[in-house]
Amino acid sequence: MKGYDLVIRNGTVVTASDTTICDIGIRDGRIVALGESLGAGKEEIEASGHYVLPGGVDAHCHFDQPSGPGIQMADDFETGTRSAACGGTTTVIPFAAQQKGDTLRATVEDYHRRADGNACVDYAFHLIVSDATPLVLKEELPSLIEEGYTSFKIYMTYDDLKLNDREILETLAVARQEGAMTMIHAENADCIAWLSDALEAAGQTAPRFHATSRPPVVEREATHRAISFAELVDTPVLIVHVSGQEPIEQIRWAQGRGLRIYAETCPQYLFLTADDLKLDGFEGAKCVCSPPPRDARSQEAVWEALENGVFQIFSSDHAPFRYEDAEGKKSAEGKSFKHIPNGIPGVETRLPLLFSEGVLKGRIDITKFVALTSTNPARIYGLYPRKGTLAVGSDADIVIWDPTLEWTITNDRLHHNVDYTPYSGMTLTGKPITTLLRGQVVWKENIFIGGPGGGCFLPCERPQPAMPKGVSKGF
Ligand code: URP
Ligand code: ZN
Ligand code: ZN
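Per numbering that gives the first Met the number 0: the sequence shown = residues 0 to 474.
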C-alpha cells in the first residue's frame, strides 16, 4: 500500500450533500482516501476548526477578451487566475469569444494561445457564438463540442454579438442535436437601443442612465423569449447573470412546467443596486454591468431564489476593466453611458461574499454553498466528478476555509489587475486560508505561491445525463 503525499487532517469536509469530520489522503494530485485516522502523509495539514471544501468552479468569467477598439481588459489569464486561486477558486470557465467574421476554430486557437502557459488554475472554455454561419452551425460547433467545448453562450443584445431570433433557434437546434448546453444573455436589444436613444436625446448620459436604459422588463421579456425558444426546440438552456425578481418569476414558472431551464446569478445582484451607479462624477461607471444591479427588493428575490433552487449556479461574471485607464472605464468619460465598457471584477470576492452574507447569515447552508459555487457548475458543464467534489478519484482541488476570520475588502488585498473593487469597505467573516490545485498549495496564509503554467486545460464532457427534466429543486 503506497502512502500519501499529503494528508489533510480533522477538517469539516463539505460536499454538496454532506458535512463530515474526517481526513483526506492525497496522492499524485488526486484524492485517494477519505476516512478517520488515515496513515501518515509525507506532508500533513491540520484543519480542525476549518471547513475543507472542493475548490471553487467559477463558470462565468472573462479574461483577456477582445472588447472593442481602444478597450483592454485588465486581467489576462495569469492575473485573472491568480486572483481566482487567492479567492478559493481552482477551476475557471472563461469564454472563447467569436468576433463576427472569424471562424470558431480560429477563435478557440487564439484563446488557447492566450491561456497556454499563463493560467494559474485549471480552465475550460465556453464558446461565444456571435456569427451563426452555416460553417459554424453545420461543421465547427459539432466538431468543437465533440472535442470538449460543450457549452456556448449566445447574446440577445450588444450589436457586435447578438443573434436574431431565427439564428438563436438554429443555434439551439445544434445544441439539441449535439447535446451541448446553451447559455443565454437575455436582454432585449431593440428595447435598450430605443431607450438609450431617448435618454441621449434628453442629455441623460451619466453612468446611472445605463440602468435606466436596461430596466427589468427588458430582461424579463428576453428571458421569457429564451425560455420559449428552449421549449420549442426542446433543449436545455441556462440563463446567465439573472439580476432580479422579474426574470426569476419567468424562470420559476418555466421550471414549474418541467422545462429544463437552468439559471445563474452573480454577486453584483446581491450586493449592489442601481444606486451604486449614481456615485459622484463618473465613479458610477465602476458598477456598470449588464444586466445592471437593481434594487433592494430584487436583492431579496435573488437570495430567495438561491435558497429555493431556482438558481443552480453562482458565478462571478468577472469582466475586468480598470477605472483610471483610457483603455478602461475612463475611455467613456465625457461620452454617453453607452460607451462604458460593461463589467465589474469579482473572481476573488465571489466565495467570501456568499459565505459571509449567505452561510453565516443563515440564508443558505454550507452544502448549498458548495453546490452553487462548485458542484453544480462542474456537473452542468461536464467537469464532474473530476472537479466540483471531494471524492476518491477527484482532483485534489481543495480549499481550507477559516469560518471565523474577519476581514475588510480593500483593493490592495486582492490579486487581480483591476484598480478598484466595487465591494471595497465591506467587512466579511470567513476566508480561504489555503488553496490546493491538484494537491499543490497555491495560496497559503495570504501569500500566492502558485504561478503561470500551473493550470491546465480541461476538455468538458457533455452536460451530465443525470440532469433532471424539471429542476424546481435544483440538483
Ligand atoms: O456587463 C457584463 N456582464 N459584462 C460581461 C459580458 C457579459 O455579458 O457577460
Ligand atoms: Zn452576458
Ligand atoms: Zn459575462
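Quick reminder that beta carbons are idealized off the backbone N, C-alpha and C, glycines included.
Per-residue DSSP class, three states only, for residue i
i, result
"Phe368", "helix"
"Pro53", "strand"
"Lys137", "helix"
"Gly40", "strand"
"Cys459", "coil"
"Gly34", "strand"
"Glu444", "coil"
"Tyr110", "helix"
"Asp63", "coil"
"Asp196", "helix"
"Thr78", "helix"
"Gln439", "strand"
"Cys190", "helix"
"Asp274", "helix"
"Ala105", "helix"
"Ala58", "strand"
Burial state of residue i (16 or more Cβ within 10 Å)
i, result
"Phe474", "Note that Phe474 has pLDDT 30, beneath the 50 cutoff, so the model's placement of it is unreliable and no number is given."
"Ser66", "buried"
"Pro291", "buried"
"Asp396", "buried"
"Asn375", "buried"
"His49", "buried"
"His111", "exposed"
"Ala229", "buried"
"Asp57", "buried"
"Lys472", "Only weak support is given to the placement of Lys472: the predicted model assigns it a pLDDT of 35, under 50, and the value that follows is read from those uncertain coordinates. By the 10 Å Cβ count, Lys472 comes out exposed."
"Asp159", "exposed"
"Ser297", "buried"
"Ser47", "exposed"
"Asn187", "buried"
"Val475", "The question about residue 475 has no answer here: the residues shown for the chain are numbered 0 through 474."
"Ala216", "The question names Ala, but residue 216 is Val in the sequence shown. Exposed."
"Ser476", "Only positions 0 to 474 of the chain appear in this structure, which leaves residue 476 out of reach."
"Ser142", "exposed"
First through last residue of the alpha helix (DSSP H) which encompasses residue i
i, result
"Phe94", "Phe94 -> not in any alpha helix (DSSP H); beta strand (DSSP E) instead, spanning Thr88 to Ala96."
"Ile144", "Leu140 to Glu146"
"Tyr419", "Counting along the chain, Tyr419 falls outside any alpha helix (DSSP H), and DSSP gives it neither H nor E."
"Ser129", "Where Ser129 is concerned, there is no enclosing alpha helix (DSSP H), given that its DSSP letter is neither H nor E."
"Phe270", "Gln267 to Phe270"
Range of the contiguous beta strand (DSSP E) that encloses residue i
i, result
"Cys21", "Thr18 to Arg26"
"Glu263", "Ile260 to Thr264"
"Tyr3", "Tyr3 to Val13"
"Tyr435", "Note on identity: in this sequence residue 435 is Leu, with Tyr being the wrong assignment. Segment Thr426 to Leu436, the beta strand (DSSP E) holding Leu435."
"Ile167", "Taken as a continuous stretch (DSSP letters only), Ile167 belongs to no beta strand (DSSP E), being part of the alpha helix (DSSP H) at Asp164 to Glu177."
"Met182", "Met180 to His184"
"Ser150", "Ser150 to Tyr154"
Contact test: residue i Cβ vs ligand 4 heavy atom, cutoff 7 Å
i, result
"Ala318", "Looking for ligand 4 in the displayed structure turns up nothing; the ligands present are ligand 1, ligand 2 and ligand 3."
(Q) Is it the case that the segment 80 to 87 contacts the segment 108 to 125, given that we only count it when at least three CB pairs across the two stretches are under 8 Å? (A) yes
Q. Does the segment 178 to 193 come close enough to the segment 220 to 240 that 3 or more CB-CB pairs lie under 8 Å?
A. Short answer: they touch.
Q.
With a threshold of 8 Å, are at least 3 pairs of Cβ atoms found where one atom belongs to the segment 26 to 35 and the other to the segment 287 to 307?
A. no
Q: Within the segment 277 to 329, note down every full beta strand (DSSP E) run reaching 3 residues or more, in order along the chain.
A: none
Q.
Extract the residue ranges of the beta strand (DSSP E) inside the segment 201 to 256, only unbroken runs of 3 or more that lie entirely within it.
A. 236 to 238
Q) Which ranges does the beta strand (DSSP E) cover as unbroken runs of at least 3 residues, wholly within the segment 331 to 414, from first to last along the chain? A) 397 to 407
Q) Does the pairing of the segment 365 to 373 with the segment 8 to 22 give three or more beta-carbon distances under 8 Å? A) Between the segment 365 to 373 and the segment 8 to 22 there are three or more inter-stretch CB-CB distances shorter than 8 Å, so the stretches are counted as touching.
(Q) Taking 8 Å as the cut-off, does the segment 355 to 362 touch the segment 433 to 442 (at least 3 CB pairs, one atom from each stretch)? (A) no
Q: Evaluate the contact criterion for the segment 167 to 177 versus the segment 252 to 260: three or more CB pairs, one atom per stretch, below 8 Å.
A: no
Q | Inter-stretch contact at 8 Å, needing at least 3 Cβ pairs: the segment 446 to 455 / the segment 97 to 110 | A | Contact between the segment 446 to 455 and the segment 97 to 110 is absent, because fewer than three Cβ pairs lie under 8 Å.
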